[in-house]
Amino acid sequence: LTDWEQVRQAYAPLVWGVVVRILRHEADALDCFQDVFAEAIERDRGAAVANWGAVLRWLATRRAIDTLRRRARLPLVGVDAEPVGSMSSSAEHHASFLELVEIVRRELAVLSNSQAEAFWLVCVEEQSYDEVAEAMGLSKNTVGVLVHRARQHLRTKLKSLNPAPSRLESEK
Amino acid sequence: VPLDNDVNPGPEPAGNSDEDQLLDQILGHLRSQPVREMPALPEVPGRMSEVSRRKSEVESGRSKAKRGSGRWWLAAAAIGLAASLVGVLIWQELSKVRLEREAPEVALQPLPGGDQPRPETDVLPPTPEPPPVTRLAVDLAQPLDQLSAGLDAVDAEIAELRTRAALLDARRKADSLLASRESQAPRSLP
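Chains as they are written, first to last, in the numbering used here: chain A, 1 to 172; chain B, 173 to 362.
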């Protein structure tokens, strides 16, 4: 029998970090956090889970992207914006970069569920292909294909925005 | 002969384009962005499991209620279908019985004048066939006959009562006349 209080204490920061990184909104993140553990308990009744860390990270990513997708249909209200500061030259570049970050975050809602989840887990959460494949119940090759397609989509999106080279240089 | 790749490097390998680098920077930013501390949840033992248990109970209750209502609908539909079938069968039986009842009545109803004996020495031309009896006439013939018979009986009773009343009146007159004569006669007799 799983000791859920222990699991919560062990993995709560991990789950919280994932949902906050994706959502950037505390209320939504709290809802997501609760849903993740509720779903995990439900899954625990079905079959034994070997790696709670990977599974919880995947559930958190999935729930947060679902919330992001629902939020994408609504006007952007109440989302925490990062402080821009005074509009000096470097600040302008920084603001443009943050805008691109926000675009990439929103594009997660455009991707398919599996692509967005695999991409986030591999590229942002830095999970191995094996861990992601095990948590999502897919093969390692499938995860690789999903990540590749997601990267391709985001690359195309960034290319269509035609970012100025100076923006890139300033971030370097 | 080794090729001089520095002169014409060709297309960039995947992952080295500007967009790739920008994407990697964005991903690095997403990885390193500060995360606010998780708000302190109430330290109640088993809170999470309690919340999830209640949530799952509510969800299972909803699904059970849905399944239950579905079963009720099916049962109600089956009962309605059976009741309608029984109703149709009963209606068919009743209509059969009614037809069987009505048919002999029409056949057995005597036609007016049809059973009257005719004298053998009848020289008159045969009477024309009576018009076909309509169903209304058949229905009304019997009550009318009963009514006329009852009226005849009442008339006979009235005539008998009148006769009795006349006899009683005559007897009363005779009695009164006899009494008056007896009172007027001389009382010489002892």
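Using N, Cα and C, we set each Cβ at its ideal position, and we do this for glycine too.
Handout entry: CA-to-CA distance, Q205(B) to H93(A), given in whole angstroms
Key = 17 Å
Exercise for the section: List the residues of chain A whose Cβ lies closer than 8 Å to the Cβ of V230(B), in chain order. Expected result: Here the premise fails: no neighbours, minimum Cβ distance about 11 Å.
Exercise for the section: For chain A, find out if any of its Cβ atoms is closer than 9 Å to the Cβ of S235(B); answer yes or no. Expected result: no
Practice task
Give every residue of the same chain whose Cβ lies closer than 6 Å to the Cβ of S114(A), excluding the five residues on either side of it in the sequence, and list them in chain order.
Solution key: L146
Practice task
With a 10 Å radius around its C-beta and 16 neighbouring C-beta atoms as the bar for buried, classify E229(B) as buried or exposed.
Solution key: exposed
Problem - Residue-level contact to chain B via CB, R149(A), 9 Å cutoff - result: no
Exercise for the section: Please report the residue range of the alpha helix (DSSP H) in which R24(A) lies. Expected result: Segment: none, R24(A) is in no alpha helix (DSSP H) and carries neither H nor E.
Exercise for the section: In angstroms with no decimal places, state the Cα-to-Cα distance between E26(A) and A249(B). Expected result: Spanning the two alpha carbons is a distance of roughly 50 Å.
Handout entry: Cβ pair count under 8 Å reaching 3, the stretch 27-34 of chain A against the stretch 108-128 of chain A
Key = no
Practice task
Please decide whether D192(B) counts as near chain A, where near means a Cβ-Cβ distance under 9 Å.
Solution key: yes
Handout entry: DSSP three-state assignment for R208(B), whether helix, strand or coil
Key = coil
Handout entry: Coil, strand or helix - D3(A) by DSSP
Key = coil
Handout entry: Alpha-carbon spacing of G242(B) relative to V104(A), whole angstroms
Key = 45 Å
Exercise for the section: Can you give me the Cβ contacts of A135(A) inside the same chain, cut-off strictly under 6 Å, excluding the 5 residues immediately before and after it? Expected result: A54, V55, W58
Exercise for the section: List the endpoints of the continuous alpha helix (DSSP H) containing Q160(A). Expected result: The sequence as given places Ser at residue 160(A); Gln does not occur at that position. From DSSP, the alpha helix (DSSP H) with S160(A) extends over 140-161.
Problem - Beta carbon of A133(A) nearer than 9 Å to that of V143(A) - result: yes
Practice task
Give a yes or no on whether 9 Å exceeds the smallest Cβ distance from K159(A) to chain B.
Solution key: Using a Cβ-Cβ cut-off of 9 Å, K159(A) counts as an interface residue toward chain B, since at least one Cβ of chain B sits closer than that to its own.
Practice task
Go ahead and pull the three-state DSSP assignment for E229(B).
Solution key: helix
Problem - Rounded C-alpha distance that separates G200(B) from W245(B) - result: 57 Å
Problem - Interfacial residues, the stretch 197-210 of chain B to chain A, with Cβ spacing under 7 Å - result: Q197, I198, L199, H201, L202, R203, Q205, V207, R208, M210
Problem - Rounded straight-line distance, which links the Cα of S160(A) to that of H153(A) - result: 11 Å
Problem - A64(A), buried or exposed, once every other Cβ within 10 Å from all chains shown has been counted against 16 - result: buried
Practice task
Could you work out which residue in Q197(B), M210(B), A237(B), S189(B) is closest to R214(A) when comparing CA atoms only?
Solution key: Outside the modelled stretch of chain A, which goes from 1 to 172, sits residue 214(A), for which no answer is possible.
Handout entry: Outcome for D317(B) when other beta-carbon atoms lying within 10 angstroms are tallied against a minimum of 16
Key = exposed
Handout entry: Coarse secondary structure for E99(A), derived from DSSP in three states
Key = Correct three-state label for E99(A): helix.
Handout entry: Collapsed DSSP secondary structure at L111(A) in the structure displayed
Key = Coil at L111(A), not helix or strand.
Handout entry: As assigned by DSSP and simplified to three states, the class of E126(A)
Key = coil
Practice task
Count the other CB atoms, across all protein chains shown, that sit within 10 Å of the CB of T61(A); report buried if there are 16 or more and exposed otherwise.
Solution key: buried
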